[in-house]
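Residue 4 is where the sequence shown starts when you use the numbering used here, and the numbers rise one by one after that. Input: a single structure, listed below in structure tokens.
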Amino acid sequence: MTDARNRLSHVIARQFDDWQLTASEKEVGWLLLKGLSLKEIAALRDTREKTVRQQASSVYKKADLPGRHAFAAWFIEDAL
Numbered sequence: 004m005t006d007a008r009n010r011l012s013h014v015i016a017r018q019f020d021d022w023q024l025t026a027s028e029k030e031v032g033w034l035l036l037k038g039l040s041l042k043e044i045a046a047l048r049d050t051r052e053k054t055v056r057q058q059a060s061s062v063y064k065k066a067d068l069p070g071r072h073a074f075a076a077w078f079i080e081d082a083l
């Protein structure tokens, strides 16, 4: 299981680089994939929920995806 998790983490990190996400967008992206709410991410990052919402929107736009569910599905679609 750890090997599969490491491979998936590598794929995600590489894709984040391909999408040219900023460091903050990458952090928000990881937390979104882990299932945290925008409010939880804001608290964890000591920032406003509005800021996290804007960063999440930027992630979706750079990934050319309509939203959170499509963002998460993008990484597991080929594995199914």
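The beta carbon of each residue, even a glycine, is placed where N, CA and C say it ideally should be.
At the C-beta level, glycine 32 and valine 62 come within 8 angstroms of one another. Tryptophan 77 carries a helical assignment under DSSP once its states are collapsed to helix, strand and coil. Between the alpha carbons of phenylalanine 74 and threonine 5 lies a distance of about 23 angstroms. A buried status is given to glutamate 28, since no fewer than 16 other beta-carbon atoms sit within 10 Å of its beta-carbon. Annotated three-state conformation of tryptophan 22 is coil, per DSSP.
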